[in-house]
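**Student:**
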Amino acid sequence: MSKKENLLNKKLKVINIGIETFIEDLKKQGAEVVHVDWRPPAGGDIEILKLLDKLEEGVDSSKRNHSKRPTKKQ
Amino acid sequence: MQSQPNGIKSQIRKTSRSNDDTDFCCSTMVTSPLHLEATSVGSTAARSLEQDRVGQVHSVFTRVVNVLTSGNRLISVVGADVGNGPINIVTNLPQSTSMASIGIRKNDEVLNVDGSIVLGRNVLIISTKNAKEWKPQRIFRGNLLAIQKIRDNLMTMKEVTCAYGCIGGLAQLIEYVEEGHLDKLAGQELNSFAQRTLPHLSVLMKTIRAGDYQDIKRNAQELVGLGPGLTPSADDVLLGLMASLTLISENLNIFEDLVSEVNKSIISCIQDRTTLISQEFLMHAAAGEVNEPIVALIEKALTARPNEVEEATKHVLAIGEASGTDMVLGIFLGSKLLLDEVSCIGKRF
Amino acid sequence: MVVRVIVRKDTYQDSVTLMKVSNEASRLDGVSQAAVVMATPTNKQLLKDVKLLTDEAEKATPNDLIIALDAQNEEIMKGAISEVDKILSARETTETEEVFPKTLDSALRLMPDANLVVISVPGDFAKREALKALRKGLHVFLFSSNVPVEQEMELKKISREEGLLMMGPDCGTAIINNIVLGFGNIVSQGSIGIVSASGTGLQQVSTLIHERGLGISQAIGTGGNDLSGTVGGIMMIEGIKLLEEDEKTQAIVLVSKPPDPQVSEKVLQAANRCKKPIVINFIGGKVDEINKRGFVAATTLEDGARAVCDLLQQKKTRKIVFTIPKGTILPIVKTQSSKLSKPQQYVRGLFSGGTLCYESLVILAPLIGDVYSNVPLKTRYKLENVNVSKNHTCIDMGTEEFTVGRPHPMIDFTLRKRRIIQEAKDPETAVLLLDVVLGYGSHQNPIAELVPSIAEAKTIAEQNGRFLSVVASIVGTPEDPQDLRKQKKKLEEAGVVIMPSNAQATRMTALVATRGAIEEKLLG
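Read top to bottom, the protein sequences are chains A, B and C. When we follow the numbering used here, the leftmost residue of the first sequence carries the number 1, and every step to the right adds one. When we follow the numbering used here, the leftmost residue of the second sequence carries the number 75, and every step to the right adds one. When we follow the numbering used here, the leftmost residue of the third sequence carries the number 424, and every step to the right adds one.
#1: Can you give the Cα-Cα distance for B/Leu219 and B/Gly116, rounded to whole angstroms?
#2: Taking CB distances under 8 Å as the criterion, tell me whether A/Lys10 reaches chain C.
#3: Can you name the residues of chain A whose CB is closer than 7 Å to the CB of C/Gln641?
#4: From C/Thr434 to B/Val184, what distance separates their C-alpha atoms?
#5: Output, in chain order, the set of chain B residues within a Cβ distance shorter than 9 Å of A/Glu32.
#6: Taking 6 Å as the limit between beta carbons, can you name the residues of its chain near C/Leu861, skipping five residues before and five after?
#7: Look at the alpha carbon of B/Val298 and the alpha carbon of B/Thr348, and state the distance between them as a whole number of angstroms.
#8: My parser needs the alpha helix (DSSP H) runs of 4 or more residues fully inside the region 283-361 of chain B; what are they?
#9: Apart from the five residues just before and just after C/Ala788, which ones in its own chain have a Cβ nearer than 8 Å to its Cβ?
#10: Check whether the region 859-878 of chain C touches the region 822-841 of chain C, taking contact to mean three or more Cβ pairs, one atom from each stretch, closer than 8 Å.
#11: How is C/Leu857 classed by DSSP in three states: helix, strand or coil?
#12: Let's test the definition: count the other Cβ atoms within 10 Å of the Cβ of C/Asn608 and tell me whether it reaches 16, buried, or not, exposed.
#13: Would you call the CB atoms of C/Arg431 and C/Asp508 closer than 8 Å?
#14: Rounded C-beta distance between C/Val770 and C/Ala933? I'm assuming under 8 Å.
#15: Would you please state the rounded distance, in angstroms, between the beta carbons of C/Val678 and C/Gly636? I believe it to be under 8 Å.
#16: Let me confirm a value: B/Ser417 is counted as buried when at least 16 other C-beta atoms fall within 10 Å, else exposed. Which label applies?
#17: Would a C-beta distance cut-off of 8 Å place C/Ala847 and C/Ala884 closer than the cut-off?
#18: In this structure, how does DSSP classify C/Ala721 when only helix, strand and coil are distinguished?
#19: As an exercise, report each continuous alpha helix (DSSP H) stretch of at least 4 residues that is fully enclosed by the region 908-943 of chain C, in chain order.
#20: How would you label B/Val187, buried or exposed, when you count the other beta carbons within 10 angstroms and need 16 or more for buried?
#21: Are the region 371-378 of chain B and the region 283-297 of chain B in contact at 8 Å, needing three or more beta carbon pairs?
#22: Name the chain A residues that come within less than 8 Å of C/Met534, Cβ to Cβ?
#23: Identify the continuous beta strand (DSSP E) that holds C/Asp819 and give its terminal residues.
#24: Is there a C-beta anywhere in chain A that falls below 8 Å from the one on B/Thr165?
#25: Could you have a look at B/Thr136 and say whether DSSP puts it in helix, strand or coil?
#26: Could you have a look at C/Gln495 and say whether DSSP puts it in helix, strand or coil?
#27: Going by C-alpha distance, which of C/Gly605, C/Ile657, C/Leu511 and C/Thr672 is nearest C/Gly638?
#28: Of all the residues that make up the region 538-550 of chain C, which are near chain A by a beta-carbon distance shorter than 7 Å?
#29: For a cutoff of 8 Å on Cβ pairs, would you count B/Gly299 as touching chain C?
#30: Using 8 Å as the limit for Cβ to Cβ distance, is C/Pro830 near chain B?
#31: Distance check for C/Asn496 and C/Val473, CA to CA, integer angstroms please.
#32: Interface residues of chain C around B/Glu111 at Cβ under 7 Å?
#33: What three-state label does DSSP hand C/Val676 in the structure shown?
#34: In the region 160-191 of chain B, which residue ranges form an unbroken beta strand (DSSP E) of at least 3 residues, counting only runs that do not cross its ends?
#35: Near A/Lys27, what residues of its chain come up, given a Cβ to Cβ distance below 6 Å and the 5 sequence neighbours on each side ignored?
#36: Would you give the residue range spanned by the beta strand (DSSP E) that C/Thr972 belongs to?
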């Protein structure tokens, strides 16, 4: 369970994707935060998005088949 | 069923923008406008809402969106914490939400449609159905205090400002302002703006006392637009000054004509000498129309107990960054001036 | 001495930002002067006098911003300008510039040791973003709702495989390492772990634990659909395992509405395998059956909190009716109900927390009979028109029909205030039941909104020869930003009966509405 080890009882290092309201509250409580100014990908076109996803999934799974699991974030 | 704020999630959507904006998400994105309700509309703002086309967005801040009207004036859509004011449309924007995050952009069209103000293309819709018209209150409620008590209140105002205010700009002058002592500050540790402003402010107060309208205009001209801030520091002082002169003279029935001329002199030189926003505020102040917290402070200084004056001062201090503090300096100067005049004449309350 | 003056045309920055730029720039080593002002004639004159005015700046007009810098050398000047740019673009609200990373990948370049991703994008895009995060080995707090359960199941299967947390979708609350994610209250750190499918449920339980003087190790939100048939309780089960392994956790409480039997069984089995003491808090669930299987069970959030505290302290637990002595309760009931006029019969509950509404429905049913709602326990009692109450009614004001395009009732009181007045005008309304939820994310000052409306409501009743009773509970701790004591004080001054928990407030409401007739049933 080493992945869970890197979260519990450690400093929170957060990437915030979406509403900005959360950022200040997190920082106030001592978390480090990087905000992502998110825009819908593919110009928000859901159809194109689905195609993109399929492509990415194909790449992902072939990556996984050809190598070990991605290195765990410590 | 999760009992969580789904409503906020409906706010999570990006602006629907025209295809001219290539950097932004396209209009096929599902967006629903944010609906807010206006709880009150200032009297000047109300007039601007009488036409179908209100204007366009001038600037967007955390709790304020300014709209440039067809008449080249400004009105503001604000959160409740900003408070009522002649040009304010007060809404129920949640305290934690920033106007800047809703998706309103500069130059977005602002229209009046069926009892709602619509900003941008389907971005923000403000219903004014239940909004009350807010007229700046000019008559003080409560009984006038004896002169000494009013002086004590002004001292409280000063102490609270020194303790809680943003003394960085001009407001550091308040620490030393006693009768006629403005001149003596020349040797003190003042920042460059305060140094610059001091002689003009000092002379301005003298010329007001003397009723010398040409000189008033000349000195005001040296002050308008001076200082840091979107509403320049000196402007905020002038705002507080004019507001206190106007409201106090009206309520005490003293020097009304004089004050009116003083204000006119000050206002006559602001055109193109300061930011549009500041211009708008100054014009209203000259007419005795200012935001609620400012009226409240002036009123409390003349009618209420010190602890109420303290609260009221803190509310004004909270305006903007240093704006509020500079305004309190102006209120202090104006109040003291009239008080001194009254004492001289020996008028009794 | 290098002087550079930057002019930004037609630029409006709020004074906070302008001051920040000015302060930060002046503070830099080697910068002798930094002025950030609007280009008014008087400011330009000032700059001229201190030799900080260039030709370009001279041409600027009052609505333009001038940043004038005087630095020792070119290099320091470059540094100063980039510092200024950084601050201004971060705050630029009239244009968007490339300041924040636009994707997870670029964010990871800025923070390679990130361990949690908080996602609140529209439901359509949520799975995609969450999946990316999981693939990067990051834990996820997924606030977004309207994500199909099938997608949720996929995400949770993957997170389970990877040993990562997938809190959500539709998860609004969690407390990790004593930090509130989303909505939530400031509570002490301690040794009680929570796994909850309910946001306000988590809030009520954690605040009551805090009140008892104990604390929370971790509070894991699973999202509202975790215990659905499709998802099968994956996150709740993983949460149990995680808390079991966590050194700091010594007792666990699971919070949820009762899941359907299949999922319930899975959860109970996982609880069975757990070596740490565990409380099953299925609100309104079949306590006896669960007890028979050897578990400690509770049917109200307050009982759940109490049970897990007692478990930790190895005390015997019992259900709470009231934590205030009967001798105090009964006079309150008498005072409130004696002024009611004859037609005033009904309870009207107006809730910002859905689970609190649910809990109240559960508690009220055996006491005063079935209650109408927009989210009733029995379909027969669904309100025809959610905007009009019927008989006893409890409304969850956080559901879609009230919140599409509007802020949620925890942060905006407009609709609730209106409804309070509406109920006051109804001659059959006897008691109003309210929840006031404090903490991060909630309204900054609920009393500023509620007190005037309650005052108006009571006046309306009075003017019509009635008395409107108002009972409420406050979910919060003294550490919350809203000043709990002040909130309580002002509400009480306005005549509101404040009870220590939603459960107790609900029971009090029933007592008042029935003029104490159910006293025996309740208090024995």
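Heads up, the beta-carbon is just placed ideally off N, CA and C, and yes, glycines get one too. Quick caveat: nothing in here was measured; it's all calculated off a predicted structure.
**Tutor:** On the basis of the supplied data:
#1: In the second sequence, residue 219 of chain B corresponds to position 145, counting from 1. In the second sequence, residue 116 of chain B corresponds to position 42, counting from 1. Rounded to the nearest angstrom, the two C-alpha atoms are 30 Å apart.
#2: Numbered from its first residue, the first sequence carries residue 10 of chain A at position 10. Answer yes: the Cβ-Cβ gap between A/Lys10 and chain C drops below 8 Å somewhere.
#3: The sequence position of residue 641 of chain C within the third sequence is 218, counting from 1. Simply Leu8.
#4: What you label residue 434 of chain C is simply residue 11 of the third sequence in a count that begins at 1. What you label residue 184 of chain B is simply residue 110 of the second sequence in a count that begins at 1. Roughly 20 Å separates the two Cα atoms.
#5: As a first step, residue 32 of chain A is located in the first sequence; it is residue number 32 there, counting from the start. Under the 9 Å cutoff, chain B gives no residues; its nearest Cβ is about 21 Å from A/Glu32.
#6: Translated into the one-based positions of the third sequence, residue 861 of chain C becomes position 438. Correct list, in chain order: Gly899, Asp903 and Gln905.
#7: Taking the first residue of the second sequence as position 1, residue 298 of chain B is located at position 224. Taking the first residue of the second sequence as position 1, residue 348 of chain B is located at position 274. Going by the C-alpha atoms only, they are around 7 Å apart.
#8: 287-297, 307-326, 330-341 and 350-360
#9: If you number the third sequence from 1, residue 788 of chain C lands on position 365. Around C/Ala788: Val794 and Leu800.
#10: yes
#11: Along the third sequence, one-based indexing puts residue 857 of chain C at 434. Looking at C/Leu857 - three-state DSSP - the assignment turns out to be strand.
#12: The count along the third sequence starts at 1 and reaches residue 608 of chain C at position 185. Looking at its Cβ environment, which holds 16 or more other Cβ atoms inside 10 Å, C/Asn608 is buried.
#13: The residue you call residue 431 of chain C lines up with position 8 of the third sequence. The residue you call residue 508 of chain C lines up with position 85 of the third sequence. In this structure, C/Asp508 does not lie closer than 8 Å to C/Arg431 by Cβ.
#14: On the third sequence, position 347 is the one that residue 770 of chain C refers to. On the third sequence, position 510 is the one that residue 933 of chain C refers to. Confirmed, about 7 Å.
#15: Working through the third sequence from its first residue, we reach residue 678 of chain C at position 255. Working through the third sequence from its first residue, we reach residue 636 of chain C at position 213. About 20 Å; that fails the 8 Å criterion.
#16: Within the second sequence, residue 417 of chain B is the residue found at index 343, counting from 1. Exposed, since its Cβ has fewer than 16 Cβ neighbours within 10 Å.
#17: As a first step, residue 847 of chain C is located in the third sequence; it is residue number 424 there, counting from the start. As a first step, residue 884 of chain C is located in the third sequence; it is residue number 461 there, counting from the start. For C/Ala847 and C/Ala884, yes; Cβs fall inside 8 Å.
#18: Translated into positions along the third sequence, residue 721 of chain C becomes position 298. C/Ala721 falls in the strand class under three-state DSSP.
#19: 925-936
#20: The sequence position of residue 187 of chain B within the second sequence is 113, counting from 1. Classification for B/Val187: exposed.
#21: no
#22: The residue you call residue 534 of chain C lines up with position 111 of the third sequence. Going along chain A in sequence order, the residues near C/Met534 (Cβ under 8 Å) are Lys13, Ile15, Glu32 and Val34.
#23: Taking the third sequence and counting its residues from 1, the one referred to as residue 819 of chain C is at position 396. Its beta strand (DSSP E) spans residues Thr816 to Asp819.
#24: On the second sequence, position 91 is the one that residue 165 of chain B refers to. False, the Cβ-Cβ gap to chain A never drops below 8 Å.
#25: For the purposes of this step, residue 136 of chain B is taken as the residue at position 62 of the second sequence. If DSSP states are grouped into helix, strand and coil, B/Thr136 belongs with coil.
#26: To locate residue 495 of chain C, count along the third sequence from 1; it is residue 72. C/Gln495 falls in the coil class under three-state DSSP.
#27: Residue 638 of chain C sits at position 215 when you count from the first residue of the third sequence. Among C/Gly605, C/Ile657, C/Leu511 and C/Thr672, the Cα nearest to that of C/Gly638 is on C/Thr672.
#28: Asn538, Leu539, Val540, Val541, Ile542, Ser543, Val544, Asp547 and Phe548
#29: Numbered from its first residue, the second sequence carries residue 299 of chain B at position 225. Yes, B/Gly299 lies at the interface with chain C (some Cβ there is under 8 Å from its Cβ).
#30: Within the third sequence, numbered from 1, the residue matching residue 830 of chain C stands at position 407. Chain B, which has a Cβ nearer than 8 Å to the Cβ of C/Pro830, makes this yes.
#31: For the purposes of this step, residue 473 of chain C is taken as residue 50 along the third sequence, with counting starting at 1. For the purposes of this step, residue 496 of chain C is taken as residue 73 along the third sequence, with counting starting at 1. Cα to Cα, C/Val473 sits roughly 18 Å from C/Asn496.
#32: Within the second sequence, residue 111 of chain B is the residue found at index 37, counting from 1. Neighbours of B/Glu111 on chain C, chain order: Thr837.
#33: Translated into positions along the third sequence, residue 676 of chain C becomes position 253. Note: C/Val676 maps to strand in three-state DSSP.
#34: 162-165 and 183-187
#35: For the purposes of this step, residue 27 of chain A is taken as the residue at position 27 of the first sequence. The answer, listed in chain order, is Val33.
#36: Past the boundaries of the shown model lies residue 972 of chain C; chain C is included only from 424 to 947, so the question cannot be answered.
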